[in-house]
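Chemist: Please read through the structure below; I'll follow up with questions.
Numbering (this note's numbering), first residue to last: -17 to 244.
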């Protein structure tokens, strides 16, 4: 339940921010604001990609320049360090993953939208499951089920009795439980917490400056507005960072599946 602050009419934003009913009475339960924003984000991203690369110029300008910069960033900072010679092969997937996550995150600071899609746990879970399935498929396909599990449980140079007693159980638990769980939760938790903080400071500023503009509350309102502005800048950085980290981990998991000995 939201707590009251500075009177009975002010409530601290809480979990009700993430309670999205269907868009209209009788609509499917899943047809809500996060789903609509997710679809709008994908359509917008496709439109931006079309505008950037439908008629590429020799000297890139505008959207093409932005698109090529994004491609080079993902290729040089994410794909090549973890995939090496396989980087170009996986660039369509990694670039799409990074772009969708970043755009959905940025929805949290766009006026009128102000909801990061990835603060809804279902979306990070779907991304993490897709990466997890790809990782297992590649590992089993290239090395066989037994060979892939053996490469995880018995790394070169580690005595087998020691590996079997300590390393193997921990590695299997990490690979099949902790890795996909933390992959999803890291993105979700950062977007969830950031959205709550922005909503809190914005509500404080609005309440003390617009709803109850009293002299004692004026400094509190100014502080709320200042913190909202500062947190917005920090949140944009975190939104970019989380998109980068999620995509980087995806590349690392794929690279480890292709070359588990490394």
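All C-beta atoms in this analysis are idealised placements derived from N, C-alpha and C, irrespective of residue type, glycine included.
#1: Between residue 27 and residue 81, how many whole angstroms is the CB-CB distance? I'm expecting something under 8 Å.
#2: Could you pull out every residue in the same chain whose Cβ sits closer than 7 Å to the Cβ of residue -17, ignoring the five residues on either side in sequence?
#3: At which residues does the alpha helix (DSSP H) containing residue 157 begin and terminate?
#4: Measuring only the C-alpha atoms, how far is residue 125 from residue 10?
#5: Can you tell me the Cα-Cα spacing of residue 136 and residue 159, whole angstroms?
#6: Rounded to the nearest angstrom, how far is the Cβ of residue 215 from that of residue 186, given a contact under 8 Å?
#7: Go through its chain and collect everything with a Cβ distance to residue 34's Cβ below 6 Å, but skip five positions before and after it.
#8: Going by alpha carbons, who is nearest to residue 70 out of 150, 89, 54 and 156?
#9: Suppose you measure from the CA of residue 19 to the CA of residue 2; what does that come to, to the nearest Å?
#10: Please work out which residues of its chain come closer than 6 Å, Cβ to Cβ, to residue 166, disregarding the five sequence neighbours upstream and downstream, and give them in chain order.
#11: When we look at the beta-carbon of residue 189 and count the other beta-carbons within 10 Å, is it buried (16 or more) or exposed?
#12: Measuring alpha carbon to alpha carbon, tell me which of 192, 178, 58 and 129 ends up nearest residue 96.
#13: Label residue -11 either buried or exposed according to how many other C-beta atoms from any shown protein chain fall within 10 Å of its C-beta, with 16 as the threshold for buried.
#14: With 16 other CB atoms within 10 Å as the buried threshold, where does residue 142 fall?
#15: For residue 90, collect the residues of the same chain with a Cβ closer than 8 Å to its Cβ; drop the 5 residues on either side in sequence, then sort them by chain order.
#16: May I have the straight-line CA-CA distance separating residue 30 from residue 23, to the nearest angstrom?
#17: By Cβ distance below 8 Å, which residues in the same chain neighbour residue 14 in space, the five residues on each side in sequence not counted?
#18: Hey, could you find the ends of the alpha helix (DSSP H) residue 145 is sitting in?
#19: DSSP three-state call for residue 21: helix, strand or coil?
#20: Can you tell me whether residue 63 is helix, strand or coil according to DSSP?
#21: Considering only their Cβ atoms, is the gap separating residue 130 from residue 121 smaller than 8 Å?
#22: Buried or exposed for residue 148, going by 16 or more other Cβ atoms inside 10 Å?
#23: On the DSSP letters alone, give me the boundaries of the alpha helix (DSSP H) that residue 221 sits inside.
#24: Which value, in whole angstroms, describes the spacing of the CA atoms of residue 94 and residue 182?
Modeler: Quick answer:
#1: One-based indexing of the chain shown puts residue 27 at position 45. One-based indexing of the chain shown puts residue 81 at position 99. Residue 27 to residue 81, Cβ: 6 Å. Contact.
#2: Indexing the chain shown from 1 puts residue -17 at position 1. Model confidence at residue -17 stands at a pLDDT of 36, short of 50, so the residue's coordinates are unreliable and nothing is read from them.
#3: Here residue 157 corresponds to residue number 175 of the chain shown, with the count starting at 1. First-last for residue 157: undefined, no H or E at that position.
#4: Taking the chain shown and counting its residues from 1, the one referred to as residue 125 is at position 143. Taking the chain shown and counting its residues from 1, the one referred to as residue 10 is at position 28. Roughly 43 Å between the two C-alpha positions.
#5: Translated into positions along the chain shown, residue 136 becomes position 154. Translated into positions along the chain shown, residue 159 becomes position 177. Residue 136 and residue 159: Cα-Cα distance of roughly 19 Å.
#6: Within the chain shown, numbered from 1, the residue matching residue 215 stands at position 233. Within the chain shown, numbered from 1, the residue matching residue 186 stands at position 204. Rounded, the Cβ-Cβ distance is 18 Å, inconsistent with contact.
#7: For the purposes of this step, residue 34 is taken as residue 52 along the chain shown, with counting starting at 1. Once the five neighbours on either side are set aside, the close Cβ partners of residue 34 are 45, 46 and 49.
#8: As a working mapping, residue 70 is identified with position 88 in the chain shown. Cα-wise, what sits closest to residue 70 is 54.
#9: Working through the chain shown from its first residue, we reach residue 19 at position 37. Working through the chain shown from its first residue, we reach residue 2 at position 20. One C-alpha to the other measures close to 12 Å.
#10: Position 184 of the chain shown holds residue 166. Cβ neighbours of residue 166 beyond the five flanking positions: 106, 107 and 110.
#11: Numbered from 1 along the chain shown, position 207 holds the residue referred to as residue 189. Per the 10 Å Cβ criterion, buried.
#12: On the chain shown, residue 96 is found 114 positions in, with the first residue counted as 1. Ranking 192, 178, 58 and 129 by Cα distance to residue 96 puts 178 first.
#13: Working through the chain shown from its first residue, we reach residue -11 at position 7. Only weak support exists for where residue -11 lies, its pLDDT of 49 falling under 50; the value from the coordinates is given anyway. Exposed: under 16 other Cβ atoms inside 10 Å.
#14: Working through the chain shown from its first residue, we reach residue 142 at position 160. With fewer than 16 Cβ atoms within 10 Å of its Cβ, residue 142 is classed as exposed.
#15: Numbered from 1 along the chain shown, position 108 holds the residue referred to as residue 90. Same-chain partners within the cutoff: 96, 97, 98, 101, 173, 176, 177, 180, 217 and 221.
#16: In the chain shown, residue 30 corresponds to position 48, counting from 1. In the chain shown, residue 23 corresponds to position 41, counting from 1. Taking the straight line joining both Cα atoms gives about 10 Å.
#17: The residue labelled residue 14 in the question sits at position 32 within the chain shown. Within its own chain, the residues whose Cβ lies closer than 8 Å to the Cβ of residue 14, once the five positions on either side in sequence are excluded, are 2, 3, 4 and 5, listed in chain order.
#18: Numbered from its first residue, the chain shown carries residue 145 at position 163. Taken as a continuous stretch (DSSP letters only), residue 145 belongs to no alpha helix (DSSP H), as it is neither H nor E.
#19: By one-based count along the chain shown, residue 21 stands at place 39. It is helical.
#20: Stepping through the chain shown from its first residue, residue 63 is reached at position 81. Residue 63: helix per DSSP, three-state reduction.
#21: The residue labelled residue 121 in the question sits at position 139 within the chain shown. The residue labelled residue 130 in the question sits at position 148 within the chain shown. Taking 8 Å as the Cβ cut-off, residue 121 and residue 130 qualify as a contacting pair.
#22: Along the chain shown, one-based indexing puts residue 148 at 166. Residue 148 is exposed by the Cβ-count criterion.
#23: Counted from its first residue, the chain shown places residue 221 at position 239. Where residue 221 is concerned, the enclosing alpha helix (DSSP H) starts and stops at 200 to 240.
#24: By 1-based counting over the chain shown, the position of residue 94 is 112. By 1-based counting over the chain shown, the position of residue 182 is 200. C-alpha separation (whole angstroms): 17 Å.
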